[in-house]
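Peer 1:
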Amino acid sequence: MTGVPMGAGPLHSAAGRATGISSSAQVRAVLGPTNTGKTHLAIERMLAHASGIIGFPLRLLARENYDRMVARKGAGAVALITGEEKIIPPNARWFSCTVEAMPLDRRVAFVAVDEIQLCADPDRGHIFTDRLLHARGQVETMFLGADTIRPLLRRLVPGIEIDHRPRLSHLAHTGATKLTRLPPRSAIVAFSAAEVYAIAELIRRRRGGCAIVMGQLSPRTRNAQVALYQDKEVDYLVATDAIGMGLNMDVNHVAFASLSKFDGTRMRPLTPAEIAQVAGRAGRGLRDGTFGTTGMCRPLSEEVAEAVEEHRFDPLTRLSWRNSELDFSSPDALLSSLGRSPPLPELTAGHEASDVLALASLAANPEIRALARSRAATRLLWESCQIPDFRKLGDESHIRLCARVFSYVMRDGRVPPAWMEGQIAAFLRPEGTIDSLMHRLSGIRVCAYIAARPDWLRNAQYWQDRTREAENQLSDALHEQLTARFVDRRAATLIRRLDEGGADDLLSAVTAQGEVLVEGHAVGRIAGLDLLAEGIDVPDRRLLMRAARRAVRTEIPRRVHVLAHAPDSCFDFAEDGRHLTWEGVNVARLRRGHQLLHPRIEVLDNPLLDNVQRERIRERLAEWLGRHVREVFAPLFAAQAAMPDDPTLRGVVHRLMEGAGLTPLERHEERSRGLRGHLGRLGIRIGQLALFMPALMKPRGMRLRAILTCAHMETEIPDLPAPGRISVPHDLLPAPFMDRMGWMRAGPVRIRVDIAEKLITELTRQTRQHPVPLSHALASRLSIRRDAIQAVLKGLDIHVRPPRPMPPEQFGPPAPTMLVGRLRRKGSSGASGPVSGRHSRRQEGAHGHGSAGDVQVVARRPAIREDHPFAALAVLRDRRA
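Sequential numbering from 3 applies to the sequence shown in the numbering used here.
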């Protein structure tokens, strides 16, 4: 943006040489690092003169120092002129301005420009260079800035007096520090909105909150955020490098979260001078400050750190320049004059500014060229192109806005009120996210710039008030959003108390709802028998929780008493199956006991409980668990109580008790018809694969068996097959667990034992007299693929005879696959056991000895499970064989 103050008339390059400036007028430069009192000196000098103008690099600074000057001289004597604000009392004598908006057509005794080293900035530097070359006070002119511009000042401003002012305090490098370990009163500097938000969110969670300062904020929002920090409601400030330009705050330490920035065209590393400009915000007056890096930022090199500490930087070699003696005879002539080459080797062309780009685009528009036929029209076109692009949308919307304003003023003499009202109404929506509010504030700033031009609008004062009111509403909404998102006053207060004196003097209490209060702030709640912190995630959490535990020492005995007398409905198993819960909160875990049905209960570690309380809890949970197991496995306990005094039956029931209602059978075990009858009356079924109780194969019994089995095996409970599943892949879960749960291996799958036994019984009955065709419906019945059915039946020892190929001379439908029956095992008996010897002999007679269809019955050694008591003897048997 270039310098035409709204309503102040055109800016002439020779304004500084206007009539009335004494040839003996003093031109001074006050150079030095930050915290040298340069700005304070300039304001004091200006107010000592009869009149003066001072230009600042930021609207925020202009507003801040305007308020300081008003406090000294009164509102009627001080004016504020920025791109968006214009407050000029009739008798104003002293002006606080942005550098772009300095009214250089006014004759004043004193002129000053702050941060004059920005002459080297490739984007805005040409404005500062123009002020350096042409802005002069009638009595005194003062340039303030870094010492790096000293050599160029001597060459470009002959006779200038240069004063060097040392820093009032020492600046020391402290190296890298973790974000969570930064000391209070620190400023964390990042170079993008995303970085600022991420760091601010972490500071809120770990240290209670922070203030936000970014260049896009309005003065009202920025002041409100800084007030949070200055009033010590928060101890941390997260900002962009906007804090590097003269914003004075009580910062003790500056931490860089990044050492590179996007300069509008590319990402580039910060120069040592830029690092020093920002780091110099640490320390104020005579108080020393420190700086370093934090987060993922690489550490500063020793050379750079030393240069910042000693304020030694390479001098500037060139300043940005753009011609200010413009030719308004036509748009093409104007563009040509703007592109004129620098007249001195110390000057160089900067980046092409947005106003020149807008002018080049509009100058190529036939409609605009038709309007811009005079010098006045071309000047108006240039002034329209200088409307700042605050929104930076990256499209042509801003150029279209400039064209619309130019067309309105050229055709109608003024911008229509309806258009202005529509623009303001589109942005005046104080709801939404932080980013949307900042975007709307940028739009209002554009409206404010237009409203500050009385030659463009009728009743300009009304529109200035209207845009100021809109900006204030959006600023307040943005401040509320920033505070709500990044400030936790409760946590910040507690952390400050901890930093000051530890936790011993903090007042704490517990409400009837179980909420734990420390210093009147909720820091957690009692869940079950444990204290849970909520919303406090700070390094001093241990101290804070120590204060909270003092409050719960009287609450825990009461809760233990309530637990000991709670009804059974208050207890349950946790979702993981390994823990027991009271009122939905884990209080104990299951451990391996001496029997599957009697696991050991271990109360969870809890520093709030003593040994007596732990034992009371364990006894109450053991009482509930025992009742629950007897309730779910009621048929098993009923069978145990009703069994006759028969050693064989007692052994069978004992095995069932060991397996929680189910135990796999070995293939060699006898199955007598009389034993089967006794067990059937007790609700026990002895099948070909397992001994089990069908009543305990329902989901509730299966779930409890899984919990007890995993506790006994000391493993985590896996995801069980869904209720209603008949078959699952054989490798879905570990084999020992699946065996104990009653999922029996059948080739590539496992089938639930009750379904498998029912299938074996049914197929044995069908094939008792003769083989039968294999039904394809078996696959859907078992929920398996059709091509896997033969492998599954083979896994159940059910013989399947494939069809014989038909001789070549015969024709007809192919023979079906036949179910022959279950293979007989030596030593097996029982009505529902393997096929009878008569049936087997019939098969041999039918096929002939040694024929392809012959069923050879081979006595196999019985398989012994690894966990069987006689597994070791089986190893010796195999070696002997």
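We put the CB at the ideal spot given by N, CA and C, even for glycine.
Tell me Y238's beta-bridge partners as DSSP assigns them.
Peer 2: Indexing the sequence shown from 1 puts residue 238 at position 236. Looking at the DSSP output, Y238 sits in a beta bridge with S188.
Peer 1: Considering only their Cβ atoms, is the gap separating A94 from A81 smaller than 9 Å?
Peer 2: The count along the sequence shown starts at 1 and reaches residue 81 at position 79. The count along the sequence shown starts at 1 and reaches residue 94 at position 92. Yes, they are a contact pair.
Peer 1: How many Å lie between A202 and F258 at the Cα?
Peer 2: For the purposes of this step, residue 202 is taken as the residue at position 200 of the sequence shown. For the purposes of this step, residue 258 is taken as the residue at position 256 of the sequence shown. If you take the alpha carbons of A202 and F258, they lie about 14 Å apart.
Peer 1: Throw me the rounded Cβ distance for the L765 and I800 pair, which I believe falls under 8 Å.
Peer 2: As a first step, residue 765 must be located in the sequence shown, where it is residue number 763. As a first step, residue 800 must be located in the sequence shown, where it is residue number 798. That pair is a contact at about 6 Å.
Peer 1: Using DSSP with H/G/I as helix, E/B as strand and the rest coil, what is R844?
Peer 2: As a working mapping, residue 844 is identified with position 842 in the sequence shown. In this predicted model, R844 has a pLDDT of only 37, less than 50, meaning its place in the structure is not dependable enough to derive any value.
Peer 1: Count the C-beta pairs between the stretch 765-782 and the stretch 738-752 that are closer than 8 Å, then say yes if the count reaches three, no if not.
Peer 2: no
Peer 1: Using alpha carbons as the reference points, say which of A590, L611 and R594 lies closest to E604.
Peer 2: Translated into the one-based positions of the sequence shown, residue 604 becomes position 602. E604 has its Cα closest to that of A590, out of A590, L611 and R594.
Peer 1: Give me the residue from G76, E87 and A73 with the minimum Cα distance to A64.
Peer 2: For the purposes of this step, residue 64 is identified with residue 62 of the sequence shown, where counting begins at 1. For A64, the closest C-alpha among the options G76, E87 and A73 is that of E87.
Peer 1: Figure out for me which residue from L531, A309, V110 and V72 has the closest Cα to the Cα of V562.
Peer 2: As a working mapping, residue 562 is identified with position 560 in the sequence shown. The shortest CA-to-CA distance from V562 to any of L531, A309, V110 and V72 is the one to L531.
Peer 1: Assign W458 to buried or exposed, taking buried as 16 or more other Cβ atoms, counted over all protein chains shown, within 10 Å of its Cβ.
Peer 2: If you number the sequence shown from 1, residue 458 lands on position 456. That one is buried.
Peer 1: Taking the alpha carbon of F130 as the reference point, which residue from G139, V101, A148 and F112 has its own alpha carbon closest?
Peer 2: For the purposes of this step, residue 130 is identified with residue 128 of the sequence shown, where counting begins at 1. Nearest of G139, V101, A148 and F112 to F130, Cα basis: V101.
Peer 1: Could you check where the beta strand (DSSP E) with S262 kicks off and where it finishes?
Peer 2: Along the sequence shown, read from residue 1 onward, the residue named residue 262 stands at position 260. S262 to F264 is the extent of the beta strand (DSSP E) around S262.
Peer 1: Roughly how many angstroms lie between the CA atoms of F58 and E66, to the nearest whole one?
Peer 2: Translated into positions along the sequence shown, residue 58 becomes position 56. Translated into positions along the sequence shown, residue 66 becomes position 64. Taking the straight line from one Cα to the other gives about 10 Å.
Peer 1: Got a sec, what are the start and stop residues for the beta strand (DSSP E) Q768 sits in?
Peer 2: Looking up residue 768 in the sequence shown gives position 766. Run containing Q768: none in the beta strand (DSSP E); it sits in the alpha helix (DSSP H), V755 to Q768.
Peer 1: Taking V794 and L821 to be in contact with their CB atoms under 8 Å, please state how far apart those CB atoms are, rounded to whole angstroms.
Peer 2: Along the sequence shown, one-based indexing puts residue 794 at 792. Along the sequence shown, one-based indexing puts residue 821 at 819. The pair is not a contact, with the Cβ atoms about 12 Å apart (cut-off 8 Å).
Peer 1: When the distance is taken between beta carbons, is R283 closer than 9 Å to T36?
Peer 2: Locating residue 36 in the sequence shown gives position 34, where the first residue counts as 1. Locating residue 283 in the sequence shown gives position 281, where the first residue counts as 1. Result yes, Cβ atoms of T36 and R283 sit closer than 9 Å.
Peer 1: Take D123 as the anchor and find which of F575, L698, F635 and W323 has the nearest alpha-carbon.
Peer 2: One-based indexing of the sequence shown puts residue 123 at position 121. Checking every option, the nearest Cα to that of D123 belongs to W323.
Peer 1: Which of the three DSSP states, helix, strand or coil, is assigned to D532?
Peer 2: As a first step, residue 532 is located in the sequence shown; it is residue number 530 there, counting from the start. In this structure, D532 counts as strand in the three-state DSSP scheme.
Peer 1: In the DSSP assignment, what are the bridge partners of D574?
Peer 2: Against the sequence shown, residue 574 aligns to sequence position 572. According to DSSP, which records beta bridges pairwise, D574 is partnered with T583.
Peer 1: If you reduce the DSSP assignment to three classes, tell me which class R803 lands in.
Peer 2: The residue you call residue 803 lines up with position 801 of the sequence shown. Three-state result, R803: strand.
Peer 1: Could you give the distance in angstroms between the alpha-carbon of F573 and the alpha-carbon of G744?
Peer 2: Within the sequence shown, residue 573 is the residue found at index 571, counting from 1. Within the sequence shown, residue 744 is the residue found at index 742, counting from 1. Answer to the nearest angstrom: the Cα atoms are 27 Å apart.
Peer 1: For the structure I just gave you, are there three or more beta carbon pairs, one from the stretch 369-380 and one from the stretch 402-411, closer than 8 Å?
Peer 2: yes
Peer 1: Specify the secondary structure class of H172 as computed by DSSP and reduced to three states.
Peer 2: As a first step, residue 172 must be located in the sequence shown, where it is residue number 170. Coil, per DSSP.
Peer 1: Please tell me whether V198 and A229 are closer than 9 Å, where the distance is taken between their beta carbons.
Peer 2: For the purposes of this step, residue 198 is taken as residue 196 along the sequence shown, with counting starting at 1. For the purposes of this step, residue 229 is taken as residue 227 along the sequence shown, with counting starting at 1. Against a cut-off of 9 Å, the Cβ pair of A229 and V198 comes out as no contact.
Peer 1: Can you have a look at F429 and say buried or exposed, based on whether 16 or more other CB atoms are within 10 angstroms of its CB?
Peer 2: By one-based count along the sequence shown, residue 429 stands at place 427. With 16 or more other Cβ atoms within 10 Å, it is buried.
Peer 1: Mapping the DSSP letters down to three states, classify N588 as helix, strand or coil.
Peer 2: The sequence position of residue 588 within the sequence shown is 586, counting from 1. Of the three classes helix, strand and coil, the one that applies to N588 here is strand, per DSSP.
Peer 1: To which residues of the same chain is I686 closer than 8 Å at the C-beta, ignoring the five residues directly before and after it?
Peer 2: In the sequence shown, the residue the question calls residue 686 occupies position 684. Closer than 8 Å at the Cβ level, and outside the excluded window around I686, lie A641, V654, V655, L658, L693, F694 and M695.
Peer 1: Tell me whether Q28 sits in a helix, a strand or coil according to DSSP, three-state version.
Peer 2: Counted from its first residue, the sequence shown places residue 28 at position 26. In this structure, Q28 counts as strand in the three-state DSSP scheme.
Peer 1: For D165, which residues does DSSP report across the bridge?
Peer 2: Mapped onto the sequence shown, residue 165 falls at position 163. The bridge partners DSSP lists for D165 are V32.
Peer 1: Decide yes or no for the touch test of the stretch 205-221 against the stretch 177-184: beta carbon pairs closer than 8 Å, at least 3 of them.
Peer 2: When C-beta atoms of the stretch 205-221 are compared with those of the stretch 177-184, three or more pairs fall below 8 Å, so the two segments count as touching.
Peer 1: Going by beta-carbon coordinates alone, are A2 and T38 separated by less than 9 Å?
Peer 2: The question about residue 2 has no answer, for the chain in this structure spans 3 to 883.
Peer 1: Looking at the structure shown, is W458 part of a helix, part of a strand, or coil, going by DSSP?
Peer 2: Mapped onto the sequence shown, residue 458 falls at position 456. W458 falls in the coil class under three-state DSSP.
Peer 1: Which value, in whole angstroms, describes the spacing of the CA atoms of T819 and P804?
Peer 2: Translated into the one-based positions of the sequence shown, residue 819 becomes position 817. Translated into the one-based positions of the sequence shown, residue 804 becomes position 802. Their backbone Cα atoms lie some 5 Å apart in a straight line.
Peer 1: When the distance is taken between beta carbons, is V280 closer than 9 Å to T143?
Peer 2: Reading the sequence shown from its first residue, position 141 is the one you call residue 143. Reading the sequence shown from its first residue, position 278 is the one you call residue 280. Against a cut-off of 9 Å, the Cβ pair of V280 and T143 comes out as no contact.
Peer 1: Can you tell me which residues form a DSSP beta bridge with W323?
Peer 2: Here the question's residue 323 lines up with position 321 in the sequence shown. Looking at the DSSP assignment, W323 forms a beta bridge with A351.
Peer 1: When you compare the stretch 107-121 with the stretch 133-152, are there three or more beta-carbon pairs, one atom per stretch, that lie closer than 8 Å?
Peer 2: yes
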